[in-house]
């Protein structure tokens with residue numbers, strides 16, 4: 058018996074060690090990207106990139122918070138060369154945690170407008186989503202709608218749905234308003250806004266649209282991206298929801314509609330910086346941007362590329378003209394104000 | 027002395043003393059009965075000799091081999107002491123033959139078979155070798171348990187309340203049988219009982235333990 | 034020292050090693066408690082903590098009541114009444130155990146959403162009401178219908194011991210049926226009922242999938258929220274400590290409610306005379322049992338099968354096959370390790386007499402009451418330390434080794450599984466050891482067999498059915514496990530549970546259906562084997 062035990066022990070130790078050895082060896086032209094994006098489109102773009110440059114892309118997928126946490130835990134050990142996540146607030150959090158390194162690239166500077174890049178060139182926005190108002194045309198007329206700030210008006214009492222304050226897109230929206238209006242006006246705004254909620258925040262962005270469709274509320278605050286997904290859903294009932302509801306871009310006459318990005322940066326401990334930069338550059342280029350725009354209902358960040366037909370059908374609009382770095386700077390304040398003012 | 031037990035003490039916890047300063051001397055080949063009320067710790071003596079319990083202090087020597095003292099504490103499997111349990115503890119998943127052969131790993135296949143046959147004949151149950159324990163009567167179970175304990179030729183054998191699980195009608199016949207078998211093998215034996223009649227009929231020496 | 038020389042064995046060694054390995058992560062966690070409170074914690078304490086406590090208490094109370102009612106009455110009906118298809122129904126009532134709560138949550142949330150099948154059905158018949166599934170009440174309902182089998186199984190086993198003589202004497206004393214129920218049935222099955230509810234509540238506290246998806250702010254949600262969203266591990270640790278206090282309160286309440294009374298049931302009792310319900314009674318019974326089954330198992334399962342057809346999903350993609358293999362391999366490996374350790378601890382415990390030894394056994398098998406979120410936090414902290422400590426050793430093998438070899442490896446995940454599910458394996462094995470007693474083992478020792486040989490020749494054959502049961506129960510739990518796997522798994526390593534959760538989180542319920550169905554099949558088969566396994570002459574059910 059003892060012999061068998063020691064044999065099994067030996068075998069498992071050997072397997073473990075060889076496994077480690079295999080894990081640590083990597084050929085020169087492979088880059089590892091930690092991504093919270095899980096779209097087939099992205100893989101297609103990486104495949105094209107590999108075909109053109111010979112650099113293979115190994116994607117590790119998890120949620121953005123998990124990836125940031127994992128990078129922090131791994132420190133110098135990380136295999137990641139790039140971190141690619143949605144939301145400027147989170148990108149800023151990764152920057153604050155020292156997970157990125159600065160990149161100087163003329164291509165990136167040309168391809169990406171400067172408000173969609175980090176002020177210190179640590180991360181770069183790649184695709185844009187607008188946070189808009191989705192309303193039911195039978196119950197709301199366009200003339201009633203104007204700005205985010207107007208949602209605090211008593212006429213909207215019991216008519217607004219939005220997801221919880223834990224959702225990062227809401228945090229970033231509030232952060233942008235702090236940047237534009239200052240903390241105190243935002244506090245007042247949220248305290249009135251929450252009293253206009255039709256229900257306690259729950260569900261995801263699609264659920265907000267469905268609540269409007271179901272008559273629970275008249276307006277949903279949500280991302281354009283999910284309206285695109287519903288319009289092209291395999292579920293024909295979701296398509297109906299997307300078709301029956303209308304999109305309104307707020308603050309057109311004032312500060313512009315809130316924009317957020319999905320972006321990427323080179324990790325601080327990447328041992329393959331050149332290849333990593335090459336991939337970001339490629340992703341910001343026209344070919345990849347065209348793919349992003351047409352397959353995934355996102356707005357391209359590169360001004361040279363047109364949005365998809367569906368997105369164009371919603372109309373063109375004025376964007377918030379703030380640097381997204383500001384979203385990160387205000388994101389903690391935003392979270393605290395939301396909790397304080399009872400945005401659940 | 028063949029069995030030499032000196033000032034043995036034992037307790038399960040600090041408040042209940044089970045055994046205090048117990049001593050016992052036995053000649054080779056003797057059958058000794060340990061008699062006393064239930065709960066007087068007499069079964070514990072057997073468990074201490076087999077090594078199933080560890081004493082607090084004292085000394086146990088059998089056949090010049092130190093089982094327990096200040097420096098040593100032999101594990102049960104190294105003491106070469108056979109035990110017949112009160113409920114016999116025949117392994118229910120093994121045949122009679124397998125049960126008796128259980129302690130004979132050190133023997134070759136042929137020697138093992140010979141020893142098993144020898145013992146089954148001794149207890150008069152050769153015809154039951156393929157049966158399982160649940161197919162045996164109480165008396166048969168006891169004899170198999172005895173055969174199993176005797177098989178490895180132990181230095182001594184211990185019997186815990188050997189008659190408590192048997193019907194009274196059977197008892198007289200079995201008592202004599204038991205004594206005959208033990209005497210035939212010449213093994214030193216301690217058995218525990220609460221029945222003075224049992225004790226007097228079988229034992230060479232009766233020790234009253236209170 | 035001499036005492037140890039005889040007692041010290043492979044069992045003692047394994048038990049002590051396990052104890053140390055169990056205690057280190059938790060004590061490490063609690064040392065972190067003494068760090069100074071930071072801004073995030075002050076924020077949580079000021080604005081969120083009250084909500085967390087309120088929601089957790091409310092969720093536990095509602096789930097406890099619902100699951101207690103469902104589990105108790107279903108067990109009552111199948112024990113005391115005779116009706117057609119009873120055997121089949123009493124087996125089927127265990128099935129919801131195969132359906133993880135989070136899968137039920139995803140499916141029901143989808144069915145009840147505006148575009149979901151149930152909401153459409155309601156609109157078709159002219160009802161324009163929206164049932165708010167994604168709420169605290171919805172979560173309580175989901176937990177109750179998927180977890181009630183714990184209550185059902187324990188109460189059923191308890192009621193089986195009921196004695197016809199007792200009922201008869203009560204009848205002779207002219208006790209009304211209600212009084213008989215209140216004074217006889219209920220007190221006699223109370224320990225089982227309370228014990229079952231305790232298991233349901235521990236599972237509810239452990240859940241992360243449902244509360245995260247529904248946005249119900251209870252503690253597991255809060256711990257991960259503090260850790261990941263607010264990026265503050267120390268707050269997560271503080272919240273974990275509060276949960277552990279919660280757990281202790283629940284366990285103490287359970288002990289108090291259960292009472293110290295143990296009822297000696299007369300031996301050789303007459304079997305129960307079963308009642309034959311009236312026609313109305315039969316209809317009520319069928320309606321009750323079939324509704325439970327439909328809600329707790331069949332509706333979500335059938336909905337998922339329909340989902341498969343709507344999206345033309347290829348049932349077996351290469352990724353999915355890898356996921357299935359991952360699930361099976363890690364579940365079986367971890368289960369085997371648990372069984373080996375549980376066997377050692379049970380062996381250590383059954384011959385141990387000192388309070389210290391008994392305490393060690395209790396401590397080592399503490400894991401099941403600790404929610405997954407807390408275990409995840411402590412295991413991750415612990416392994417980063419272990420890796421730091423072992424770094425010089427790694428360097429011997431590989432000059433440019435990374436520091437975190439074990440952290441986020443499968444070793445770490447397996448370790449976490451062992452920590453959490455050891456209790457279940459141990460309890461099952463210990464119960465079967467209790468049935469056979471110690472004399473067989475002792476007889477073997479006196480026949481010159483070592484502890485290890487005795488284990489293989491005597492113990493294991495005698496407790497085989499208990500070992501199989503332990504294996505199956507632990508295996509099912511690991512296959513269903515979500516929070517630990519989600520947080521501690523290596524990069525890109527997916528089990529069926531994480532795949533289902535990630536699809537659902539990404540709003541792809543239809544795509545989640547295939548892996549979810551496979552997960553259910555993998556858990557249903559062992560449940561069938563377990564409940565149909567022959568134990569001596571008696572079937573389990």
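Chains as they are written, first to last, in my numbering: chain A, 58 to 401; chain B, 27 to 236; chain C, 34 to 574. Glycine included, each C-beta is placed from N, C-alpha and C at the ideal position. In this text, all values refer to a predicted model and were calculated from it rather than measured experimentally.
Cβ of residue 221 of chain A less than 8 Å from any chain C Cβ?
-> Position 164 of the first chain holds residue 221 of chain A. Residue contact check for residue 221 of chain A against chain C: a CB pair falls below 8 Å.
What does residue 291 of chain A touch in chain C if you count any residue whose Cβ is under 7 Å from its own?
-> Start at 1 with the first residue of the first chain, and residue 291 of chain A comes out as number 234. Ordered by position in chain C, the residues that pass the 7 Å Cβ test against residue 291 of chain A are 343, 344, 543.
Give the straight-line distance between the Cα atoms of residue 35 of chain C and residue 87 of chain B, rounded to the nearest whole angstrom.
-> Your numbering for residue 35 of chain C matches position 2 in the third chain. Your numbering for residue 87 of chain B matches position 61 in the second chain. Its pLDDT being 41, under 50, residue 35 of chain C is placed unreliably by the model, and the measurement read from it follows with that caveat. The alpha-carbon atoms of residue 35 of chain C and residue 87 of chain B are separated by roughly 16 Å.
In terms of residue numbering, what span does the beta strand (DSSP E) encompassing residue 445 of chain C cover?
-> As a working mapping, residue 445 of chain C is identified with position 412 in the third chain. Bounds of any beta strand (DSSP E) do not take in residue 445 of chain C; it lies within the alpha helix (DSSP H) bounded by 443 to 469.
In whole angstroms, what separates the C-alpha of residue 403 of chain C from that of residue 104 of chain C?
-> Taking the third chain and counting its residues from 1, one reaches residue 403 of chain C at position 370. Taking the third chain and counting its residues from 1, one reaches residue 104 of chain C at position 71. In a straight line, the C-alpha of residue 403 of chain C is about 24 Å away from that of residue 104 of chain C.
Just the C-alpha distance for residue 187 of chain C and residue 158 of chain A, rounded to the nearest angstrom, thanks.
-> As a first step, residue 187 of chain C is located in the third chain; it is residue number 154 there, counting from the start. As a first step, residue 158 of chain A is located in the first chain; it is residue number 101 there, counting from the start. For residue 187 of chain C and residue 158 of chain A, the distance between alpha carbons rounds to 58 Å.
In three-state DSSP terms, what is residue 171 of chain B?
-> The residue given as residue 171 of chain B occupies position 145 in the second chain. In the structure shown, residue 171 of chain B sits in a helix (DSSP, three-state: H, G or I).
In whole angstroms, what is the alpha-carbon distance linking residue 88 of chain A and residue 178 of chain A?
-> Here residue 88 of chain A refers to the residue found at position 31 of the first chain. Here residue 178 of chain A refers to the residue found at position 121 of the first chain. Spanning the two alpha carbons is a distance of roughly 20 Å.
Using the beta-carbon of each residue, which ones in chain A are nearer than 8 Å to residue 258 of chain C?
-> Numbered from 1 along the third chain, position 225 holds the residue referred to as residue 258 of chain C. By Cβ distance, chain A contributes 223.
At 8 Å on the CB atoms, spell out the chain C contacts of residue 115 of chain B, in chain order.
-> On the second chain, position 89 is the one that residue 115 of chain B refers to. Neighbours of residue 115 of chain B on chain C, chain order: 472, 473, 475, 476.
Contact check, residue 409 of chain C vs residue 517 of chain C, beta carbons under 8 Å | Here residue 409 of chain C corresponds to residue number 376 of the third chain, with the count starting at 1. Here residue 517 of chain C corresponds to residue number 484 of the third chain, with the count starting at 1. A contact, by the Cβ cut-off of 8 Å.
Would DSSP call residue 35 of chain B helix, strand or coil?
-> Within the second chain, numbered from 1, the residue matching residue 35 of chain B stands at position 9. In the structure shown, residue 35 of chain B sits in a strand (DSSP, three-state: E or B).
Is the shortest distance between the beta-carbon of residue 223 of chain C and the beta-carbons of chain A less than 8 Å?
-> Here residue 223 of chain C refers to the residue found at position 190 of the third chain. Not closer than 8 Å to any Cβ of chain A, the Cβ of residue 223 of chain C fails to qualify, so no.
Out of C:235, C:233, C:257, C:194, which has the shortest C-alpha to C-alpha gap to residue 218 of chain C?
-> For this step, residue 218 of chain C is matched to residue 185 along the third chain. Checking every option, the nearest Cα to that of residue 218 of chain C belongs to C:194.
Can you give me, in chain order, the residues of the region 490 to 513 of chain C that have a beta carbon less than 8 Å from any beta carbon in chain B?
-> The residues in question are 490, 491, 494, 495.
In the DSSP assignment, find the unbroken alpha helix (DSSP H) run with residue 142 of chain B in it and report its ends.
-> Walking along the second chain from the start, residue 142 of chain B turns up at place 116. Segment 135 to 148, the alpha helix (DSSP H) holding residue 142 of chain B.
Span separating the alpha-carbon of residue 75 of chain C from that of residue 102 of chain C | Residue 75 of chain C sits at position 42 when you count from the first residue of the third chain. Residue 102 of chain C sits at position 69 when you count from the first residue of the third chain. Going by the C-alpha atoms only, they are around 40 Å apart.
For residue 263 of chain C, does the count of other Cβ atoms within 10 angstroms reach 16, so buried, or fall short, so exposed?
-> For this step, residue 263 of chain C is matched to residue 230 along the third chain. Classification for residue 263 of chain C: buried.
Note down, in chain order, every chain B residue with its Cβ under 7 Å from the Cβ of residue 519 of chain C.
-> As a first step, residue 519 of chain C must be located in the third chain, where it is residue number 486. In chain order: nothing, as chain B lies at least about 43 Å away.
By DSSP, does residue 220 of chain C sit in helix, in strand, or in coil?
-> Working through the third chain from its first residue, we reach residue 220 of chain C at position 187. The three-state reading of DSSP puts residue 220 of chain C in helix, counting H, G and I together.
Can the beta-carbon of residue 228 of chain B be found closer than 8 Å to that of residue 59 of chain B?
-> The sequence position of residue 228 of chain B within the second chain is 202, counting from 1. The sequence position of residue 59 of chain B within the second chain is 33, counting from 1. Cβ distance < 8 Å, so residue 228 of chain B and residue 59 of chain B count as in contact.
Helix, strand or coil: which one does DSSP assign to residue 61 of chain B?
-> Stepping through the second chain from its first residue, residue 61 of chain B is reached at position 35. Of the three classes helix, strand and coil, the one that applies to residue 61 of chain B here is strand, per DSSP.
Contacting residues, own chain, Cβ-Cβ under 6 Å from residue 67 of chain B (five flanking each side not counted) = Sequence index remark: in the second chain, residue 67 of chain B carries index 41 (1-based). Cβ neighbours of residue 67 of chain B beyond the five flanking positions: 44, 45.
Residue-chain proximity (residue 27 of chain B, chain C), Cβ-Cβ < 8 Å = Position 1 of the second chain, counting from 1, holds the residue named residue 27 of chain B. Not one chain C Cβ lies under 8 Å of residue 27 of chain B.
Fully enclosed by the region 242 to 320 of chain A, which beta strand (DSSP E) runs are 3 residues long or longer?
-> Listed in chain order, they are 276 to 280, 303 to 305.
Given residue 441 of chain A, which residues of its chain have a CB within under 8 Å of its CB, disregarding the five upstream and five downstream residues?
-> Past the edges of chain A, shown from 58 to 401, lies residue 441 of chain A, and the structure says nothing about it.
From the beta carbon of residue 479 of chain C, is the nearest beta carbon of chain B less than 8 Å away?
-> Within the third chain, residue 479 of chain C is the residue found at index 446, counting from 1. Cβ-Cβ to chain B under 8 Å: yes for residue 479 of chain C.
Range of the contiguous beta strand (DSSP E) that encloses residue 214 of chain C = Reading the third chain from its first residue, position 181 is the one you call residue 214 of chain C. For residue 214 of chain C, no beta strand (DSSP E) run applies, since DSSP gives it neither H nor E.
For residue 9 of chain C and chain B, any beta-carbon pair shorter than 8 Å?
-> It is not possible to answer for residue 9 of chain C, since the shown part of chain C is limited to 34 through 574.
Taking 8 Å as the cut-off, decide whether the C-beta atoms of residue 436 of chain C and residue 134 of chain A are in contact.
-> Position 403 of the third chain, counted from the first residue, corresponds to residue 436 of chain C. Position 77 of the first chain, counted from the first residue, corresponds to residue 134 of chain A. For residue 436 of chain C and residue 134 of chain A, yes; Cβs fall inside 8 Å.
Closer than 8 Å, CB to CB, is residue 152 of chain A near chain D or not?
-> Absent from the structure: chain D. Protein chains present are A, B and C.
Give me the Cα-Cα distance between residue 401 of chain A and residue 144 of chain C, rounded to the nearest whole angstrom.
-> Your numbering for residue 401 of chain A matches position 344 in the first chain. Your numbering for residue 144 of chain C matches position 111 in the third chain. So the two alpha carbons sit approximately 24 Å from each other.
Thinking just about the alpha-carbon of each residue, which of C:501, C:279, C:113 is nearest to the one in residue 462 of chain C?
-> For this step, residue 462 of chain C is matched to residue 429 along the third chain. Residue 462 of chain C has its Cα closest to that of C:501, out of C:501, C:279, C:113.
Drop a sphere of 10 angstroms on the beta-carbon of residue 137 of chain B, count the other beta-carbons inside from all chains shown, and report buried for 16 or more, exposed for fewer.
-> By one-based count along the second chain, residue 137 of chain B stands at place 111. Here residue 137 of chain B is exposed. Its C-beta has fewer than 16 other C-beta atoms within 10 Å.
Counting only beta-carbon atoms, is residue 482 of chain C nearer than 8 Å to chain B?
-> Locating residue 482 of chain C in the third chain gives position 449, counting from the first residue. At least one chain B Cβ lies under 8 Å of residue 482 of chain C.
First and last residue of the uninterrupted alpha helix (DSSP H) at residue 181 of chain B | The residue given as residue 181 of chain B occupies position 155 in the second chain. Run containing residue 181 of chain B: none; DSSP gives neither H nor E here.
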